[in-house]
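If you count by numbering that gives the first Met the number 0, then the sequence shown holds residues 0 to 647, one letter each, in order.
No residue lacks a Cβ here, since even glycine has one placed at the ideal position from N, Cα and C.
Fair warning: this is a prediction, and the values are worked out from it, not measured in the lab.
Working notes, beginning with the structure itself.
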Amino acid sequence: MTGTSHHRQERLRRAAEEQLKDRLLPPWQKRVLQRLAVEAGNGWFPLLNRFAPHTPAQRPDMVLVGRQGVLAVLLRENEPDWADSRAAFVWVSELLAGAEVGPAMLTEAVVSVVVIHPQAHTGQLGAGEEHTAVTEDKLDRVLLHGEQLLSADETRWVAKHLDSRTFDLAPIMWNAQRIPVPRGDDAEPAELFDPREQRLHNALQQPFRDWRIFLDGSQLGAVRRRYSGPARITGPAGTGKSVIALHRLAYLARRTTGKLLFTSHLSNVPAVSAEQFRQLAPHLGNRVEFTHLHAWARDFLAGRGRLAEVDDREVELAFESVWQRAELSAPLRGFRNSRGYWKDEVDRVIKGRAIGSFEAYRTVPRKGRGRPLPPDFRSHVWQFYCEYERELSQRGVFDHNDVLMRALAELERRPLPRQYAAVVVDEVQDLTLVGLRLTRAISGDGPDQLLLVGDGQQQVYAGGWRLSEAGIELAGRGEILRHNYRNRNAVLDRAGRLEAINRFDDLDGGPSVPLDAVLPELPGGRVVEWHGTDQENALLEALRGLDDDSATAVLTSTNAAADHWWNVLRAAGVATRPLDRWDGRTTGPVLVGTLFRAKGTEFRNVFLPGDVEVGATFREDREAVLRRRLVAMTRARDYLWIGAPHRR
Ligand SMILES: Nc1ncnc2c1ncn2[C@@H]1O[C@H](COP(=O)(O)OP(=O)(O)OP(=O)(O)O)[C@@H](O)[C@H]1O
Numbered sequence: 000m001t002g003t004s005h006h007r008q009e010r011l012r013r014a015a016e017e018q019l020k021d022r023l024l025p026p027w028q029k030r031v032l033q034r035l036a037v038e039a040g041n042g043w044f045p046l047l048n049r050f051a052p053h054t055p056a057q058r059p060d061m062v063l064v065g066r067q068g069v070l071a072v073l074l075r076e077n078e079p080d081w082a083d084s085r086a087a088f089v090w091v092s093e094l095l096a097g098a099e100v101g102p103a104m105l106t107e108a109v110v111s112v113v114v115i116h117p118q119a120h121t122g123q124l125g126a127g128e129e130h131t132a133v134t135e136d137k138l139d140r141v142l143l144h145g146e147q148l149l150s151a152d153e154t155r156w157v158a159k160h161l162d163s164r165t166f167d168l169a170p171i172m173w174n175a176q177r178i179p180v181p182r183g184d185d186a187e188p189a190e191l192f193d194p195r196e197q198r199l200h201n202a203l204q205q206p207f208r209d210w211r212i213f214l215d216g217s218q219l220g221a222v223r224r225r226y227s228g229p230a231r232i233t234g235p236a237g238t239g240k241s242v243i244a245l246h247r248l249a250y251l252a253r254r255t256t257g258k259l260l261f262t263s264h265l266s267n268v269p270a271v272s273a274e275q276f277r278q279l280a281p282h283l284g285n286r287v288e289f290t291h292l293h294a295w296a297r298d299f300l301a302g303r304g305r306l307a308e309v310d311d312r313e314v315e316l317a318f319e320s321v322w323q324r325a326e327l328s329a330p331l332r333g334f335r336n337s338r339g340y341w342k343d344e345v346d347r348v349i350k351g352r353a354i355g356s357f358e359a360y361r362t363v364p365r366k367g368r369g370r371p372l373p374p375d376f377r378s379h380v381w382q383f384y385c386e387y388e389r390e391l392s393q394r395g396v397f398d399h400n401d402v403l404m405r406a407l408a409e410l411e412r413r414p415l416p417r418q419y420a421a422v423v424v425d426e427v428q429d430l431t432l433v434g435l436r437l438t439r440a441i442s443g444d445g446p447d448q449l450l451l452v453g454d455g456q457q458q459v460y461a462g463g464w465r466l467s468e469a470g471i472e473l474a475g476r477g478e479i480l481r482h483n484y485r486n487r488n489a490v491l492d493r494a495g496r497l498e499a500i501n502r503f504d505d506l507d508g509g510p511s512v513p514l515d516a517v518l519p520e521l522p523g524g525r526v527v528e529w530h531g532t533d534q535e536n537a538l539l540e541a542l543r544g545l546d547d548d549s550a551t552a553v554l555t556s557t558n559a560a561a562d563h564w565w566n567v568l569r570a571a572g573v574a575t576r577p578l579d580r581w582d583g584r585t586t587g588p589v590l591v592g593t594l595f596r597a598k599g600t601e602f603r604n605v606f607l608p609g610d611v612e613v614g615a616t617f618r619e620d621r622e623a624v625l626r627r628r629l630v631a632m633t634r635a636r637d638y639l640w641i642g643a644p645h646r647r
């Protein structure tokens, strides 16, 4: 330490001593509070509880606001009760709620509870979801280390906000009056605020940073609202639906006990979200289960002693053997010569809706399935389905739908012994009706227990339902988000021009907002539309020409095309990684996979190589292609490359 800085520290220490001299504090607490007060010279803003040392058990003795966030400090001889730490967290968070910092609002992800023990403390140092504990001689651990979450200006404003919200906390060693009140974007002095564009630019550079700390008003409302029953969040691509789902899980985890569940029909979504949640609320990782719905059902059945493994190969063989029987498949081919179409009919309509009799199938609505199937013709489909079931049972296997149906039946027979505190279902538009019923059976429909998140315009699998068919009543509980924070304007504009019709409009919650009506937040961006014959070379050249090739993905519509591009890139010496093994953690090699695996992801650069146009004959197929393209295009933040090869 230099002479001058030593001098300064000493001066600060004396000033702190002076400010605390009238407090009748135990000596160790006085030492700690003095030490913390001195931090006012190092960019921290200390606020002392006016009742200390008789601070109520569930309040902090001091709050420190700094670039590492907001620390609620509890001075304790012994490990505090978890409920006290949590109450201190919630108390500070509620004071912060709605704090406007620049164009956004602060979230409680900046708050953490630090328990400080005297140096002589010999007991265990508790660390868990409620707090971090240190002894007084190790204060540097919390003051000097840790990620910087706020800028210097933001820190000042948060401190001022806290001071203005309560009489229980009083600034010590700093004066809130000296911090001017922000008067909106126009009136802000340049050095006090990052301009909005700068913040957004920063968010782009660090995609997982900003969303943890700041949300817009409608997003924060959706996180904090109390819903008296099932609720939904909808909005076009990139409007922060998944971000809200994660914030809400953290918010509810801090106000309940027991486990919470995040699930989805799509297998990679929970893995990617789990990684994001770890960044948002590292201490709460053990409270939230991130599980693909089929895996949840399988594990649940296994826990009840019921076998539930699916042998995909055998299931495929079972279907194929029925498809090969001309007497069964010929009528179906006559109506629609597509194996995939009839597989969807069995999987998504008949089994996906748990239709148990021909009578029920005869009249079932087949939303989004194209040309109506005359009721009498449906007997052919029913016969086909029955043969498929027979085939499965002869092989002693069951398919993924059977697993969901069994889990549902088992839950109806014997509900969960301890309900989840909350269940969030992401990409809900791609669930089958049975999947939806299962999630409701898991969650129940008490206050805040079920949150459905989705966007009908991004439906990638066939099928459809109304929430009421699963016994879910929204009664107007829900939010529609309108600001896109993911895609730069050029990308958004291109994707918005796709006529991706939302056939889903089923969430029983009024009209939905299409992508072309979304409000863009990020300017710029680049879209390249390539036409020509040598697509491989064109794509490789564009890839090599990127300024920044981190977070790049090549997305295809089929597995075969993904294999093809995988080989092309590897042969050209480009490091690649399959998208289905990605959990959102790394951004190294180029990711390659189908757009089905791209749900819930986002990349700086996206390449969409085209197939030589075969042209879909049926309207619903064309619509499905457009919805999938919309999903693929909206994965791109900055740069989108679209290939349209001509026949050679
Ligand atoms: N308030 C915000 N400020 C800055 N960035 C945000 C904000 N809200 C969301 N984002 C960012 O916008 C991107 C899109 O968010 P998210 O994935 O939650 O959207 P989504 O609506 O679930 O999208 P999709 O339906 O396309 O999967 C993410 O990078 C997220 O971090």
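C-beta contact flag for residue i and residue j at 8 Å
| i | j | result |
| --- | --- | --- |
| residue 602 | residue 635 | yes |
| residue 545 | residue 573 | no |
| residue 591 | residue 553 | yes |
| residue 487 | residue 446 | no |
| residue 477 | residue 230 | yes |
| residue 256 | residue 290 | no |
| residue 333 | residue 618 | no |
| residue 518 | residue 481 | yes |
| residue 391 | residue 317 | yes |
| residue 149 | residue 109 | yes |
| residue 212 | residue 106 | yes |
| residue 215 | residue 132 | no |
| residue 449 | residue 439 | yes |
| residue 72 | residue 83 | no |
| residue 303 | residue 411 | no |
| residue 237 | residue 485 | yes |
| residue 156 | residue 44 | no |
Residue i versus residue j: straight-line alpha-carbon distance, rounded
| i | j | result |
| --- | --- | --- |
| residue 643 | residue 555 | 13 Å |
| residue 210 | residue 241 | 11 Å |
| residue 176 | residue 27 | 31 Å |
| residue 31 | residue 134 | 10 Å |
| residue 399 | residue 309 | 7 Å |
| residue 46 | residue 36 | 8 Å |
| residue 286 | residue 244 | 15 Å |
| residue 9 | residue 39 | 13 Å |
| residue 475 | residue 646 | 51 Å |
| residue 335 | residue 95 | 59 Å |
| residue 136 | residue 74 | 13 Å |
| residue 492 | residue 515 | 7 Å |
| residue 121 | residue 178 | 42 Å |
| residue 138 | residue 146 | 16 Å |
| residue 444 | residue 323 | 45 Å |
| residue 414 | residue 588 | 45 Å |
| residue 80 | residue 86 | 10 Å |
Limits of the beta strand (DSSP E) - the one that residue i falls within
| i | result |
| --- | --- |
| residue 637 | 635–644 |
| residue 69 | 68–74 |
| residue 354 | First-last for residue 354: undefined, no H or E at that position. |
| residue 555 | 551–555 |
| residue 483 | 482–487 |
| residue 61 | 61–65 |
| residue 449 | 449–453 |
| residue 529 | 525–531 |
| residue 232 | 230–233 |
Per-residue burial, residue i [other beta carbons within 10 Å of its own, 16 or more giving buried]
| i | result |
| --- | --- |
| residue 275 | buried |
| residue 606 | buried |
| residue 296 | buried |
| residue 325 | exposed |
| residue 533 | exposed |
Sequence-distant residues of the same chain with beta carbon closer than 8 Å to residue i, five excluded per side
| i | result |
| --- | --- |
| residue 33 | 12, 15, 16, 19 |
Own chain, CB closer than 6 Å to residue i, minus 5 neighbours either side, in chain order
| i | result |
| --- | --- |
| residue 460 | 429 |
| residue 529 | 537, 642 |
| residue 218 | 239, 243 |
Residue i: CB within 7 Å of a non-hydrogen atom of ligand 2
| i | result |
| --- | --- |
| residue 581 | This structure lacks ligand 2; its bound ligands are ligand 1. |
Chain-order list of residues whose beta-carbon lies under 7 Å from that of residue i (same chain, five-residue window excluded)
| i | result |
| --- | --- |
| residue 346 | 400 |
| residue 361 | 374, 377 |
Start-to-end residues for the alpha helix (DSSP H) that takes in residue i
| i | result |
| --- | --- |
| residue 401 | 399–412 |
| residue 246 | 240–252 |
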